[in-house]
Structures are given as structure tokens and as C-alpha cells.
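These protein sequences, in sequence, are chains A and B. Each position in the first sequence, counted from 1, maps to that position plus 197 in the working numbering. Each position in the second sequence, counted from 1, maps to that position plus 30 in the working numbering. Glycine is no exception: its CB is placed at the ideal position from the N, C-alpha and C atoms.
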Amino acid sequence: MNGAEIFGLLKIKIPDAAKEDQTGAIIIPKGMLLETARYIISSALDFDNLHCITAVEKNDNIELIYTFYSMKRHRSLTLKVRLAFDDLNIESLAKFWKSADWFEREIYDLFGVNFPNHPNLKRILNPDEWTAHPLRKDFTHPDFVKKPRY
Amino acid sequence: MAVIEKIPASGLIQRFPGGGLVLTTGESVLKWGKASSLWPLTFGLACCAFEMIAAGASRFDIDRFGAGVFRASPRQCDVMIVAGTICVKMGECMKRLYAQMPEPKYVIAMGNCAVSGGIFYHDTYSVIKGTEALGIPVDVHIPGCPPRPENLLFGLMKLQEKIKAEKSERR
């Protein structure tokens, strides 16, 4: 089963899913994440491993990139979800994949994205008393020295 | 009867050929002893720690300078070799470790990160820009990324020179 076939199956379940041309990633609307997760972990697709979650700050949204892998069928899937800045909340996947727990804590720590229903949403790397989220473009700190442009 | 013959088992003591006296001051002997038995803290923070470990092992042998006894407790140490990048969270631990070391205490900042933040100077939120930015006074700075074990040994010799030259009322 190749990427196009996986997309075809997913499209039946999630009609709003779209395929990104350059990367082959599948973009799904934010509200459909839980339903998508429930489907791709089931026996039809068998993505039993959540390999990584990354976040990227774009001009008008924060993009979460989920990379899944199937240990049984040796194939991978990339999902993207876009979050508007005025509503940085997205459902946690920790109840489906245990690895999501720490990935989501890291994204909360560095980008300030909230994950409702996460079992233990607190900072994972930075000191607990910090209030800022360092990988946001608008992050500033008194000791922060911007690299000069040459 | 000479004094030496009153000592039990004096037959085992050999006379120094030619005899003679060594004249010195108690203070300079003290300084010599202090400089020749620096006990470093086992404190590696990043990749510079490997150069420190290499300096401690047999090829470079920091023991030749009396500084090979890496102690795992700050209360038994004379010198803290800051070997590596100081993160914000580690900075708090470092301040506490430095405060726990008994006087007289010395600090060697080893490598660019411990001197000034090094390659992590720009655009980082989690790295402290050098040991002195933490408020810990540094006796010897060793630049390099990482410095070779020879550089560390050279820094150690410079620290020994500094200790031997310091005035007694310094601390």
C-alpha cells in the first residue's frame, strides 16, 4: 500500500483531508484529529508507532506535524494540523500512543500549544517557573542576544 | 652523642651527604603544597569533559601535576574545572556547588562555552554566557573548542603559578 492508497482510505473516512503536493503529507482539519487517530491505529492501517511530533511556527498559524510508522507493515504516514494563533488548543493523542505524552509536553514547553486531556501537561525541558515559550518567533529575554546579519 | 643516634632505629636513617640546611618560610612551603595538590571537582558539563577525562587518563596524566584526584563531593575539592556549556538549569546547581566548596577555592573555565558562551552565544534561550555571568569568579580561562588536554595542563600550571605568587592576606 503506497501513500496514495493510504490517502484514498483516509479520504473516505475524513472527507476534509487534503494532500500537500510537495511533501506528500496529509493535512487534516483540527477537529478531526481524534477520529483520524482512532482510524489509523485500527487494524485497517495499523500505525502502531507515533514516531515524532514537530511544530513549526508559520506566518499565520502553528503547524503540528505528526509522523506515524507501522511496525507490522513497514510504512509511514505524515499528518499535518494547522492551529490558528487565537486558539492554540488541540486534543492530546497520549491515550492512543504513549510516546505522545512527552512529545506534547515538549511542544507545550517550546511553543505554548495546549493539549486538553493530556495526562500531565507541564514543562519538560525548561525551568517550571518560566512563562515564555522559547521557540516562538516573538520570544524575547533580557539575556537573549540576536545574531547580527552579515 | 649526636641527636640522630637517640632516635630509635636510627640505623635506618641515612645521613644526607654533605649535610646542610634548607632555609624556607612556612608560608612558601604551604603555598607549594597547596599548588601541588589541587583536587578538582568531578564536574563535566559537555564535550570539554572528554578532554578533561583524557587529561586525567594515562596518556596525558594530570596526576603529574598533583591534580589527578577528582573528587565526587564539592566539600573535598580545591578547584572546579568548568568543562562545558552551562545551561540555565545547571547554572543553579553550579552556584550551589561553588558555594559548597571549602576555601581556598579556585575555578578554571575550560573551553569557549565556559569562558563566554562560545558558539551558543547568539539566539539561544537556555545557555548562560560564561562562568562569570553566573557571578562565579574565574582564576584561569582556557579558550578552545574544546581545548586539548595539553591546554588544560597548561591552564593548571598557570593556576599553580598564580597560587604560588598570591599574597598571604588574599583570603
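Handout entry: Minimum Cβ-Cβ distance from proline 339 of chain A to chain B less than 8 angstroms
Key = What you label residue 339 of chain A is simply residue 142 of the first sequence in a count that begins at 1. It does not: the Cβ of proline 339 of chain A has no partner Cβ on chain B nearer than 8 angstroms.
Exercise for the section: Would you please verify whether the beta carbon of valine 342 of chain A is less than 8 angstroms from any beta carbon of chain B? Expected result: Counting from 1 along the first sequence, the entry for residue 342 of chain A is found at position 145. At a cut-off of 8 angstroms between beta-carbon atoms, valine 342 of chain A makes contact with chain B.
Problem - One or two residues paired with methionine 110 of chain B in a DSSP bridge - result: Residue numbering aside, residue 110 of chain B sits at position 80 when the second sequence is read from its first letter. Looking at the DSSP assignment, methionine 110 of chain B forms a beta bridge with B/Val137.
Practice task
Scan the segment 90-117 of chain B for residues whose Cβ lies nearer than 8 angstroms to a Cβ of chain A and list them as they occur along the chain.
Solution key: none
Problem - lysine 334 of chain A versus arginine 89 of chain B - alpha carbon distance - result: For this step, residue 334 of chain A is matched to residue 137 along the first sequence. For this step, residue 89 of chain B is matched to residue 59 along the second sequence. One C-alpha to the other measures close to 48 angstroms.
Practice task
Given a cut-off of 8 angstroms, decide if leucine 290 of chain A and alanine 297 of chain A are closer than it, judged by their beta-carbon atoms.
Solution key: Here the question's residue 297 of chain A lines up with position 100 in the first sequence. Here the question's residue 290 of chain A lines up with position 93 in the first sequence. Yes; because the gap between Cβ atoms is below 8 angstroms, this pair is in contact.
Problem - Cβ pair leucine 280 of chain A, alanine 222 of chain A closer than 8 angstroms - result: Here residue 280 of chain A refers to the residue found at position 83 when the first sequence is read from its first residue. Here residue 222 of chain A refers to the residue found at position 25 when the first sequence is read from its first residue. Not closer than 8 angstroms, so no.
Handout entry: Stretch pair the segment 134-144 of chain B + the segment 107-120 of chain B: three plus CB contacts closer than 8 angstroms
Key = yes
Exercise for the section: Please decide whether serine 146 of chain B counts as near chain A, where near means a Cβ-Cβ distance under 8 angstroms. Expected result: In the second sequence, counting from the first residue as 1, residue 146 of chain B sits at position 116. Cβ-Cβ to chain A under 8 angstroms: no for serine 146 of chain B.
Handout entry: Under 8 angstroms between C-beta atoms of glycine 98 of chain B and isoleucine 158 of chain B
Key = Numbered from its first residue, the second sequence carries residue 98 of chain B at position 68. Numbered from its first residue, the second sequence carries residue 158 of chain B at position 128. No, these two residues do not count as a Cβ contact at 8 angstroms.
Handout entry: Alpha-carbon to alpha-carbon, glutamine 219 of chain A and glutamate 301 of chain A
Key = Numbered from its first residue, the first sequence carries residue 301 of chain A at position 104. Numbered from its first residue, the first sequence carries residue 219 of chain A at position 22. In this model, glutamate 301 of chain A and glutamine 219 of chain A are separated by some 26 angstroms (Cα to Cα).
Practice task
Give the secondary structure of alanine 297 of chain A by DSSP, where H, G and I count as helix, E and B as strand, and everything else as coil.
Solution key: As a position in the first sequence, residue 297 of chain A is number 100, starting the count at 1. Correct three-state label for alanine 297 of chain A: helix.
Exercise for the section: Take the Cβ of proline 179 of chain B as the centre, count every other Cβ of all protein chains shown within 10 Å, and call the residue buried at 16 or more, exposed below. Expected result: Taking the first residue of the second sequence as 1, we reach residue 179 of chain B at position 149. The residue is buried, with at least 16 neighbouring Cβ atoms inside 10 Å.
Problem - Interface residues of the segment 310-326 of chain A facing chain D [CB-CB below 9 angstroms] - result: Chain labels in this structure do not include chain D; the protein chains are A and B.
Problem - Cβ neighbours of alanine 195 of chain B in the same chain (closer than 7 angstroms, five flanking residues each side left out) - result: Position 165 of the second sequence holds residue 195 of chain B. None.
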